[in-house]
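The opening residue of the sequence shown carries number 1 in this note's numbering; numbering runs sequentially from there. We put the beta carbon where it would ideally sit given N, CA and C, even for glycine. Notes for the one structure printed next.
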Amino acid sequence: MHYYSLNNNAPNVSFSEAVIKGLAPDRGLYFPERITPLPNSFFEHIEDLDTIEIAYQAIRQFVGDEIPEPVLRDILADVLSFDFPVIQIDDTIGTLELFHGPTMAFKDVGARFMARCLEYFNRNNENHVTVLVATSGDTGGAVANGFLGVKGVDVVILYPTGKVSEIQEKQLTTLGKNITALEVDGVFDDCQEMVKTAFLDTSITDHKQLTSANSINVARWLPQLLYFLFAYKQVKNKGKDIVFSVPSGNFGNICAGIVAQKLGLPVKHFIAATNSNDTVVRYLETEKYDPKPSKATISNAMDVGNPSNFIRIQKLFNNNFKDLKSSFSAFSFNDDQTREAMKHVFSKTGYITDPHGAVGYLGLKKQALSSSEYGIFLETAHPVKFLDIVEETLDVSVEIPTQIQKVMDKEKKSIPIKTYSELKEFLLK
Ligand SMILES: *Cc1c(COP(=O)(O)O)cnc(C)c1O
Numbered sequence: 001m002h003y004y005s006l007n008n009n010a011p012n013v014s015f016s017e018a019v020i021k022g023l024a025p026d027r028g029l030y031f032p033e034r035i036t037p038l039p040n041s042f043f044e045h046i047e048d049l050d051t052i053e054i055a056y057q058a059i060r061q062f063v064g065d066e067i068p069e070p071v072l073r074d075i076l077a078d079v080l081s082f083d084f085p086v087i088q089i090d091d092t093i094g095t096l097e098l099f100h101g102p103t104m105a106f107k108d109v110g111a112r113f114m115a116r117c118l119e120y121f122n123r124n125n126e127n128h129v130t131v132l133v134a135t136s137g138d139t140g141g142a143v144a145n146g147f148l149g150v151k152g153v154d155v156v157i158l159y160p161t162g163k164v165s166e167i168q169e170k171q172l173t174t175l176g177k178n179i180t181a182l183e184v185d186g187v188f189d190d191c192q193e194m195v196k197t198a199f200l201d202t203s204i205t206d207h208k209q210l211t212s213a214n215s216i217n218v219a220r221w222l223p224q225l226l227y228f229l230f231a232y233k234q235v236k237n238k239g240k241d242i243v244f245s246v247p248s249g250n251f252g253n254i255c256a257g258i259v260a261q262k263l264g265l266p267v268k269h270f271i272a273a274t275n276s277n278d279t280v281v282r283y284l285e286t287e288k289y290d291p292k293p294s295k296a297t298i299s300n301a302m303d304v305g306n307p308s309n310f311i312r313i314q315k316l317f318n319n320n321f322k323d324l325k326s327s328f329s330a331f332s333f334n335d336d337q338t339r340e341a342m343k344h345v346f347s348k349t350g351y352i353t354d355p356h357g358a359v360g361y362l363g364l365k366k367q368a369l370s371s372s373e374y375g376i377f378l379e380t381a382h383p384v385k386f387l388d389i390v391e392e393t394l395d396v397s398v399e400i401p402t403q404i405q406k407v408m409d410k411e412k413k414s415i416p417i418k419t420y421s422e423l424k425e426f427l428l429k
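Shown next, in the form of structure tokens:
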């Protein structure tokens with residue numbers, strides 16, 4: 001499988017090159033040359049396949065022959081070693097829980113898959129790769145955990161000071177070893193801008209192989225398509241049309257869902273549910289893409305003003321605005337609405353949503369499902385990751401799982417920085 005740059009001004013690359021480079025030299029996102037649908041029999045008999053078989057069948061075309069089958073199967077078994085249950089909320093709505101991994105947010109799968117791929121590609125050489133990543137919350141923890149101790153890889157995480165939850169901060173600042181956290185005096189966009197600048201700075205890249213672990217990296221992005229297949233396997237026997245509502249920030253997760261649809265997964269409609277960072281919502285209304293600086297909300301992992309994967313979504317619809325609008329909607333909700341939704345779901349059903357899942361739930365409510373449809377919202381983080389907001393909104397106490405408690409007891413280590421030149425100095429030292 002080859003990947004090309006969506007800016008169309010860089011050479012095509014193999015899967016391994018796309019993973020190692022992250023972003024194409026023309027600053028474009030890599031995109032697969034072809035997406036070949038899976039045979040109908042795959043979907044007809046999906047209930048007979050286990051998680052690893054589903055994953056292998058779906059992902060192998062994107063990897064090609066660069067990772068041999070037994071190795072790829074081992075990687076998938078390692079990466080997908082937890083559950084992805086669909087929990088019934090009411091007759092017409094279920095939630096796909098994606099938080100059963102080690103850092104309790106859905107980014108674990110992508111981060112672990114990317115780490116295992118890089119480890120394999122680095123197996124024979126002594127070269128070091130530096131993974132440089134900006135996080136608005138959950139990416140940092142998932143990447144830190146996924147890459148911890150991976151040979152030949154150093155990880156540098158930039159996060160906005162005071163803008164991530166306490167648990168998120170602990171998850172990315174307490175691991176040590178090959179993981180360093182840089183605490184940036186600014187907002188997420190500042191972190192993201194510094195990272196982008198570093199990738200283009202030849203005075204750094206002449207000395208260091210840098211790569212990204214944001215969802216711009218194909219190995220972070222693509223494995224997320226598996227979630228939608230796992231959900232389908234569980235709800236197929238309802239015989240309804242499936243509508244997915246995906247809490248969206250950088251739009252990597254929902255974009256992977258659309259790739260699953262291209263593989264033949266029967267999906268009636270996709271809803272991108274966002275917080276007040278509503279660039280895509282406005283685009284669908286006006287056909288003008290007008291990114292704004294990100295605003296801080298209680299669903300902070302979605303505080304993204306310029307979602308980097310949206311261009312991939314447009315490509316998946318052949319840049320046809322009408323086609324996009326016919327199977328894709330986007331709705332924005334503010335913090336008050338999010339809190340109300342958390343309360344509503346809890347009082348009606350006893351289910352505790354985190355703020356991101358609650359935004360997803362709101363997306364389904366706004367779309368208004370017909371009786372032939374079944375709505376699934378993605379629960380992208382465990383409520384414990386947003387403990388203060390959940391406890392204060394619902395007046396409950398959430399039990400802290402052991403894997404989180406262990407991290408909370410550790411000591412935070414971070415390096416404060418303010419400017420790009422401080423980042424550069426750090427990378428070159
Ligand atoms: C990252 C994240 C999102 C947004 O996912 P994108 O792929 O960036 O759209 C939503 N919820 C949580 C909890 C996240 O960590």
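What is the rounded straight-line gap between the Cα of E119 and the Cα of V150?
6 Å
Stretch pair the region 305-317 + the region 405-419: three plus CB contacts closer than 8 Å
no
In its own chain, which residues sit with a C-beta less than 8 Å from the C-beta of E33, not counting the 5 before and 5 after it?
M1, H2, Y3, Y4, N12
Quick check on this structure: which residue in I254, Q57, I89, V19 has the alpha carbon closest to the alpha carbon of G375?
I89
Can you list, in chain order, the residues of its chain with a C-beta nearer than 6 Å to that of L433? Leave out the 5 residues immediately preceding and following it.
Missing from the structure shown is residue 433; the chain here goes from 1 to 429 and no further.
On the DSSP bridge assignment, give the partners of A272 in chain order.
V246, A330
Using the beta-carbon count (16 or more within 10 Å), is V396 buried or exposed?
exposed
According to DSSP, is H2 part of a helix, a strand, or is it coil?
strand
If we ignore side chains and look at the alpha-carbon of each, how far apart do Q405 and S370 end up?
42 Å
Can the beta-carbon of S329 be found less than 9 Å from the beta-carbon of F270?
yes
Backbone secondary structure at T51 - three-state DSSP
helix
Is any heavy atom in ligand 1 found nearer than 8 Å to the beta carbon of N277?
no
Can you give the Cα-Cα distance for A181 and A341, rounded to whole angstroms?
34 Å
Can you list, in chain order, the residues of its chain with a C-beta nearer than 7 Å to that of T393? Leave out the 5 residues immediately preceding and following it.
R339, M342, K343
Is Q460 near ligand 1 - that is, is its Cβ less than 8 Å away from at least one heavy atom of it?
The chain is shown only over 1 to 429; residue 460 falls outside these bounds and no answer can be derived.
Skipping 5 residues on each side, what residues in its chain have a beta carbon closer than 7 Å to that of V497?
Outside the modelled stretch of the chain, which goes from 1 to 429, sits residue 497, for which no answer is possible.
Does DSSP put A58 in a helix, a strand or coil?
helix
Per DSSP, cross-strand counterpart(s) of A134
DSSP output for A134 lists L158 as bridge partner(s).
Can you determine whether any heavy atom of ligand 1 sits closer than 8 Å to the C-beta of S326, and answer yes or no?
no
Do you know whose CA, among P160, K262, A134, lies nearest K315's CA?
K262
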